[in-house]
Amino acid sequence: EEAKAKAESLLARIKAGEDFATLAKANSDDSSNAPNGGDLNFFTPGTMVPAFNDYVFSAKVGDVGLVETDFGFHVVKITDQKASYAI
């Protein structure tokens, strides 16, 4: 409950205009992505756990949301997308 409350608070702050990258650096438990402001770069469908994957690939650029996975709660902001092509 405490982790969810913290994530919901961060989500509200981002939606109110605070900088996502700054909050990610200060609040992320993932030391590999925190220095990048939470930027995961581009990844292909199926790379992430299902709930995270589903949110990311159904959201639009600019969307900010909260996703719960087995790893915890994630505040996710979609900053860019690329079209994928099958060859």
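Under our numbering, think of the first position of the sequence shown as -1, with each following residue one higher.
In this text, a Cβ means the ideal position worked out from N, Cα and C, and glycines have one as well.
Computed from a prediction, not measured in an experiment: that's the story for all the values here.
So, at 7 Å on beta carbons, what are the nonlocal neighbours of residue i in its own chain, with the 5 sequence-adjacent residues on each side left out?
{"i": "Ala22", "result": "Ala32, Gly35 and Gly36"}
{"i": "Ala1", "result": "Gly70 and Phe71"}
{"i": "Lys80", "result": "Phe40"}
{"i": "Gly60", "result": "Ile76"}
{"i": "Asn25", "result": "Leu8"}
Nearest to residue i by alpha carbon, out of the options?
{"i": "Gly44", "options": "Ala3, Ser82 and Ala5", "result": "Ser82"}
{"i": "Val62", "options": "Tyr53, Val54, Asp52 and Val74", "result": "Val74"}
{"i": "Ala57", "options": "Asp68, Asp78, Ala19 and Met46", "result": "Asp78"}
For the alpha helix (DSSP H) containing residue i, list its first residue and its last residue.
{"i": "Thr67", "result": "No alpha helix (DSSP H) holds Thr67; the beta strand (DSSP E) holding it covers Val62 to Thr67."}
{"i": "Val54", "result": "Pro48 to Ser56"}
With H, G and I counted as helix, E and B as strand and the rest as coil, what does DSSP make of residue i?
{"i": "Val73", "result": "strand"}
{"i": "Asn34", "result": "helix"}
{"i": "Glu16", "result": "coil"}
{"i": "Pro43", "result": "coil"}
{"i": "Glu0", "result": "helix"}
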